[in-house]
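When the letters of the sequence shown are read in order and numbered with my numbering, they come out as residues 1 to 92. C-beta atoms are modelled at their ideal positions from N, C-alpha and C, and glycine is treated no differently. No experiment lies behind these values; they were computed from the predicted model shown. One structure is given below, encoded as structure tokens.
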Amino acid sequence: MGSGQQWDDPNGWAPLQWIAIQGLRGYGEIALADRITKAWLASVDREYQASGKLLEKYDVVERKPGGGGEYPNQDGFGWTNGVTRALMVNRP
């Protein structure tokens, strides 16, 4: 169980998703990297369709906006935009 803090489970952050996906690809774990890519893009898209914005973090367990920490989830976050765009270009 997570601590309820923003960097803890169940939150997923775009740069950490990127690092995990690229690392898995580098080690030949393509199927797992593709699964994570698809799940991340689905979470981002689901929230975008609901609210019209990309967020700072997402709950990767329940596939909803992330939470916790000392401030509210931020809208239109640059690293989410960049990572999402890069993953969309190389979508599995």
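Excluding the 5 residues flanking residue i on each side, which residues of the same chain have their C-beta closer than 6 Å to its C-beta?
i	result
P15	W79
N81	L54
In whole angstroms, what is the alpha-carbon distance linking residue i and residue j?
i	j	result
A20	Y48	23 Å
V89	D34	13 Å
E70	Q6	8 Å
P65	K38	16 Å
L24	G76	27 Å
Where does residue i fall in DSSP's three states?
i	result
N11	strand
L24	helix
Y48	helix
L94	The question about residue 94 has no answer, for the chain in this structure spans 1 to 92.
L55	strand
Output needed for residue i: all residues of its chain with C-beta closer than 7 Å, excluding positions within five of it in sequence on either side, in chain order.
i	result
G26	none
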